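Visitor:
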Amino acid sequence: MASSSAARRVVLSFAETGGVGIRRSNAAASSSSASSSFSDRIMSFATSSPESTATAVDVTGNIVASSPDQPAKSKKGLFARAWDRYSLGEQQRRIMLGERLFRSAQRRSDDLTWYTFGHIGRDFRPRHAMLTMHVWFLHRRLLNDKVDPHKSLMVQEELFDVLWNDSRSRIRAEGVNELTVNKHLKDVQQVSFQQMTHFDHAFTEYREDSIRRFEELAAAVWIHLLMKDEGASDDLIKRLAAYVEYQHQNVVQSLPDAYFQDGKVNWGSMPSFDGMKDKNGEIMRPVAPDPDDVLPEGWIIALTDAGDTYYWNTQTNQTTWQRPI
């Protein structure tokens, strides 16, 4: 496999092909003028609008374009398609499936392994990028659905609706002025689609070239998950890129239709970060977990629409405002 240093240079090729990669000189300029405002932290690397050919929904979740990987249109008749979209029962099932898929991605992206052994940043931007990556796996699976493509695209709308509602709650939890929430949400949507477009580009442009695809994925990981950190470990970048390859095969190609249509996603084991080395060849020690993130088994942190924190036991469905002991 090509080195991650070479993979970082692939950012140039992605920019030249009309993607959203950013030249290293621009990245340095951005980091030197960092701002403490929430908006600046979200948009610190975004310099162009996403122009996706594989992402089939816009920032509101509406279907706007087809994809090279999108299956042929459903053969359902007009009445059957209208029934899928407008009948109360079908709408409820669609909303429930979109919610289940999102919560599956959320639980995976919230795994403390990423932020301790994996050395992913804990602030809003890298954590949102981790969630976006797992939602993207589900998005690709829905685009490739052969059972009922028409219904899958509507489920995709619901999935993105839940993502943006959740993003809005997390933005409010950051304490921003309520009048600016929608502006910040648009910023978050922009960088989210830039990230998904970059992953799309890797798998469409280099479908038959595994080496170039891995380099492009490494570049995407470095830009979006590691925030273009010049000190990021090449070993870490390679492991994260390999995880993207694995999950694309696992979720998009291998997950049984019956499980997926029921909102069940088997993500498999978390990637191993054992023996991971930094840029100096030293073994990287795990970062101590944030005490606020450590909860009893089954409990997760959740947010109301207003951004207030509560706790939810996913096994018993119990909720409480008080931190469980």
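In terms of my numbering, the sequence shown opens at residue 81 and continues consecutively. Beta carbons are placed, not taken as given, at the ideal position from N, Cα and C, and that holds for glycine. The structure presented is a predicted model; accordingly, all values stated were derived computationally and were not measured.
1. Does the distance from the C-beta atom of Ser-313 to that of Lys-344 stay below 7 angstroms?
2. Based on the DSSP output, what are the partners of Ile-380 in its beta bridges?
3. Measure the Cβ-Cβ separation of Leu-406 and Leu-218 and say whether it is below 7 angstroms.
4. State the Cα-Cα distance for the pair Ala-228 and Ser-272, rounded to the nearest angstrom.
5. Could you tell me whether the region 201 to 208 touches the region 250 to 268, where touching means 3 or more Cβ pairs closer than 8 angstroms?
6. Is it the case that the Cβ atoms of Ala-209 and Leu-297 are separated by a distance below 7 angstroms?
7. Please report how far the alpha carbon of Glu-237 lies from the alpha carbon of Tyr-326, in whole angstroms.
8. Hey, could you find the ends of the alpha helix (DSSP H) Ile-43 is sitting in?
9. State the beta-bridge partners of Ile-363 as determined by DSSP.
10. Starting from the C-beta of His-214, find all residues in its chain whose C-beta is less than 6 angstroms away, skip the five residues before and the five after it, and write them out in chain order.
11. Could you tell me whether the Cβ atoms of Tyr-390 and Trp-379 are closer together than 7 angstroms?
12. Note down, in chain order, each residue of its chain lying with its Cβ closer than 6 angstroms to the Cβ of Gly-387, except the 5 sequence neighbours on either side.
13. Give the secondary structure of Arg-104 by DSSP, where H, G and I count as helix, E and B as strand, and everything else as coil.
14. Apart from the five residues just before and just after Ala-86, which ones in its own chain have a Cβ nearer than 7 angstroms to its Cβ?
15. Just how far apart, CA to CA, sit Ala-152 and His-230?
Guide: Let's see:
1. Working through the sequence shown from its first residue, we reach residue 313 at position 233. Working through the sequence shown from its first residue, we reach residue 344 at position 264. Between Ser-313 and Lys-344, the gap from beta carbon to beta carbon reaches 7 angstroms or more.
2. Looking up residue 380 in the sequence shown gives position 300. DSSP lists Trp-392 as partners of Ile-380.
3. This structure gives no information on residue 406, because the portion of the chain shown stretches from 81 to 405.
4. On the sequence shown, position 148 is the one that residue 228 refers to. On the sequence shown, position 192 is the one that residue 272 refers to. First, the amino acid is wrong: residue 228 is Asp here, not Ala. Between Asp-228 and Ser-272, the C-alpha separation is close to 26 angstroms.
5. Touching, yes, given that three or more Cβ pairs across the two stretches are closer than 8 angstroms.
6. Working through the sequence shown from its first residue, we reach residue 209 at position 129. Working through the sequence shown from its first residue, we reach residue 297 at position 217. In this structure, Leu-297 does not lie closer than 7 angstroms to Ala-209 by Cβ.
7. Here residue 237 refers to the residue found at position 157 when the sequence shown is read from its first residue. Here residue 326 refers to the residue found at position 246 when the sequence shown is read from its first residue. Their backbone Cα atoms lie some 25 angstroms apart in a straight line.
8. In this structure the chain extends from 81 to 405, so residue 43 is not present and cannot be described.
9. One-based indexing of the sequence shown puts residue 363 at position 283. In the DSSP secondary-structure assignment, Ile-363 is bridged to Lys-357.
10. Numbered from its first residue, the sequence shown carries residue 214 at position 134. Counting only Cβ-Cβ distances below 6 angstroms, and skipping sequence neighbours, we find Ala-185, Arg-188 and Ser-189.
11. Position 310 of the sequence shown, counting from 1, holds the residue named residue 390. Position 299 of the sequence shown, counting from 1, holds the residue named residue 379. No; because the gap between Cβ atoms is not below 7 angstroms, this pair is not in contact.
12. Taking the first residue of the sequence shown as 1, we reach residue 387 at position 307. Its chain contains Ser-249, Arg-252 and Ala-253 as the residues whose beta carbon lies nearer than 6 angstroms to that of Gly-387, once the 5 sequence neighbours on both sides are disregarded; these appear in chain order.
13. Taking the sequence shown and counting its residues from 1, one reaches residue 104 at position 24. Per-residue confidence for Arg-104 stands at a pLDDT of 33, beneath the threshold of 50, marking its modelled position as unreliable; the derived number appears in the next sentence. In the three-state reduction of the DSSP assignment, Arg-104 falls in the helix class.
14. Reading the sequence shown from its first residue, position 6 is the one you call residue 86. Low per-residue confidence applies at Ala-86: pLDDT is 45, beneath 50, and the placement is therefore not dependable enough to give any value.
15. Here residue 152 refers to the residue found at position 72 when the sequence shown is read from its first residue. Here residue 230 refers to the residue found at position 150 when the sequence shown is read from its first residue. Annotation note: pLDDT 44 at Ala-152 (below 50); position unreliable, coordinate value reported separately. Approximately 9 angstroms, taken between the alpha carbons.
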